[in-house]
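The block underneath contains the structure these notes are about, expressed in structure tokens.
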Amino acid sequence: MPDVKVPIITYTGINQQVELHDSDSTLLECSIMNQIPHIHECGGNGLCTTCRIRVMDGHNNLNPRTLKEQEIARVRKWDPSIRLACQCYTKGDVNIQRLVWTNSEVNKLQLETVPEGVAEERAIAILFCDIRGFTKLASENSSFDVAHILNRFYTVLGDPILVNNGIIYQYVGDEIIGLFGVSGGIKYKNCNDAIRAALGMQYAIERLNHIELVDFDVNIKMGIGINFGKAYIGHLGHPKHKQFAVVGDPVNTASRIQSYNKEVNTNILVSDTVLKSLPRETVNIGRTFSNQMAGHDYDTVLHELLGFKDMDIQLELQQSLDVLLRNEEAFASKFYDKVFTKAPKVRALFKNNMASQGRLLTHMLGGIVYSMSRPEHLALGLKLLGQSHVRYGVHQEHYPIVLECLTETIEEELGEMCNPQLLSAWKQALETVTSEMKRYAK
Ligand code: HEM
Ligand code: FES
């Protein structure tokens, strides 16, 4: 019998080659088996498109596009070299490049569903955030410092938009604009995401003032306005230079709501439309105002947003993720030390290099926090993870040990930042994750 050649999968970018021994495995499963980070939010179900790859070589060795892939490729206008790794099997060597590298890049994929050349009406939540006190900072520091600080602002204020499934639409001077629900979604969820982003931004600016800008003798403040309504969305402009654009009265109104903060001395104002989109008793509201916005012949009711009424698990987790993963290797090694001390026999289940295993775990924790804003994908992703853990030899009784060690590590790594509410949020999230994994492991 002639020798059957085992297909070799080459990952360009990281220049790694692996052999694919199981012809029933998809290219996504090949990455997972070889501990190559490969985002797969919907757990290989051909829905989220995050596992997309560009096939650089060996295209003819792959199965034709599945029906799910054909539909996705049509809507997103993909050229034939782009495939979903979770839908691809190969009978020979292939050379591939993963196209989505970070959790925050996932949101941008929404823009692919935005039409070219024409505008389409879509109901979205619009958030305008203005940084106050920046002029003083700019006049008292060198241009180099100012550019550095502005970049930090855009990062710390942009993160809460991204981690809540929003899109950063534009930076205009010291203003940042976020959009929620560009590719559709439920009204309540889009407004809730925008509100969580606003509260996350408020927290981020406080941290920036107290930690990073402490030597600059400034107290940066911000004003946020949120509105919800039907806006026109499209890729518009010169035929040779089209740009993503959002236009319409709800956008102008959001900007004016933001400015109104200055007049009434508030930090976050939301329109009545936003508030009415949320279930009753979701948020704490301060003062309420009624004001005729420029260009309107009617009054708009605005509410001062103070916070969520009950603990919002996602907001709590988002606020601590940065701190937790600032040293991913230390986090992972502390965690695995604890597990192997408590359950020494578990060590034998880990066949691969522990450093890359650790990176995968922390990558996964970040992924969980990001994908909580896309719960329909998270559940599917955990199904795959639960099933793969059965193959690794993981038993139900291992889960409480891992949960305990993860919670302890989180508590220690958060240090002074840790408080009972934050720890309880992490415990709840990890319990949800592990119970979902265990459900599919049965
Ligand atoms: C919060 C729950 C958990 C999460 C988020 C998690 C996450 C991960 C991830 C992302 C991988 C990489 C491979 C893949 O994607 O399939 C992995 C592999 C693995 N996990 Fe987990 N895991 C969890 C619970 C557990 C438990 C309870 C055990 C039992 C000791 C365990 C043992 C393993 C082993 C043995 C591997 C394969 C490592 C190798 O092949 O060397 N995990 N885990
Ligand atoms: S589409 Fe492949 S993992 Fe979601």
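In this text, residue positions in the sequence shown follow numbering that gives the first Met the number 0: the first is 0, and each later residue adds one.
Even glycine gets a Cβ: it sits at the ideal position worked out from N, Cα and C.
From a predicted model like this one, the values you see are computed outputs, not experimental measurements.
{"query": "Neighbour-count burial assignment, K350, 16 or more Cβ in a 10 Å radius", "result": "exposed"}
{"query": "Inter-residue Cα distance where the pair is A72 and N33", "result": "27 Å"}
{"query": "Per DSSP, cross-strand counterpart(s) of F179", "result": "A124 and G165"}
{"query": "Beta-carbon proximity check, G45 vs L126, cutoff 8 Å", "result": "no"}
{"query": "Uninterrupted beta strand (DSSP E) stretches inside the stretch 4 to 80 (no shorter than 3 residues)", "result": "7 to 10, 15 to 18 and 51 to 56"}
{"query": "Distance cut-off 7 Å: Y335 Cβ against heavy atoms of the ligand HEM", "result": "no"}
{"query": "CA-to-CA distance, Y170 to K239, given in whole angstroms", "result": "22 Å"}
{"query": "heavy atom of the ligand FES below 7 Å from C50 C-beta", "result": "yes"}
{"query": "Reference E18; option with closest CA among M55, M353, Y335 and I7", "result": "I7"}
{"query": "Inter-residue CB distance, V54 and S80 (contact presumed, cutoff 8 Å)", "result": "5 Å"}
{"query": "Between the CA atoms of F243 and L207 - distance to the nearest angstrom", "result": "30 Å"}
{"query": "Contact between the stretch 344 to 364 and the stretch 410 to 424 (3+ Cβ pairs under 8 Å)", "result": "no"}
{"query": "H20 Cβ short of 7 Å to the ligand HEM heavy atom set", "result": "no"}
{"query": "Ranges of the alpha helix (DSSP H) found wholly within the stretch 244 to 291, counting only runs of at least 4", "result": "248 to 263 and 271 to 276"}
{"query": "At least three beta-carbon pairs within less than 8 Å, the stretch 177 to 197 to the stretch 123 to 141", "result": "yes"}
{"query": "Beta-carbon contacts of G236 that lie in its chain and below 6 Å, excluding the five residues immediately before and after", "result": "Q242"}
{"query": "Nearest candidate by alpha-carbon position, reference K67, set K341, I219, A84 and H58", "result": "A84"}
{"query": "Check: F127 C-beta below 7 Å from any heavy atom of the ligand HEM", "result": "no"}
{"query": "For N94: DSSP bridge partner residues", "result": "T9 and D56"}
{"query": "Test item: CB-CB of A196 and I166 under 8 Å", "result": "no"}
{"query": "T431, DSSP secondary structure in three states", "result": "helix"}
{"query": "Proximity test, E407 beta-carbon vs the ligand FES heavy atom, cut-off 7 Å", "result": "no"}
{"query": "Three-pair Cβ contact test at 8 Å for the stretch 421 to 440 versus the stretch 380 to 390", "result": "yes"}
{"query": "Same chain, Cβ closer than 8 Å to G57, neighbours up to 5 away in sequence not counted", "result": "T89, G91, D92, V93 and N94"}
{"query": "Closer than 7 Å: Q169 CB and nearest the ligand HEM heavy atom", "result": "no"}
{"query": "Extent of the continuous alpha helix (DSSP H) run through D336", "result": "E327 to K341"}
{"query": "DSSP three-state assignment for G366, whether helix, strand or coil", "result": "helix"}
{"query": "Same chain, Cβ closer than 6 Å to G366, neighbours up to 5 away in sequence not counted", "result": "N102"}
{"query": "Straight-line Cα distance separating Y231 from G357", "result": "44 Å"}
{"query": "L314 to G199 span [Cα, whole Å]", "result": "7 Å"}
{"query": "Spatial distance of R97 from L323 (CA atoms)", "result": "26 Å"}
{"query": "Cβ pair I223, C128 closer than 8 Å", "result": "yes"}
{"query": "Cβ pair K308, V282 closer than 8 Å", "result": "yes"}
{"query": "Bounding residues of the beta strand (DSSP E) (the contiguous stretch that carries N418)", "result": "N418 -> no beta strand (DSSP E), and no H or E assigned at all."}
{"query": "For Y231: DSSP bridge partner residues", "result": "E120 and V246"}
{"query": "Residue span of the alpha helix (DSSP H) that contains V393, given as start and end", "result": "Per DSSP, V393 belongs to no alpha helix (DSSP H) and is neither H nor E."}
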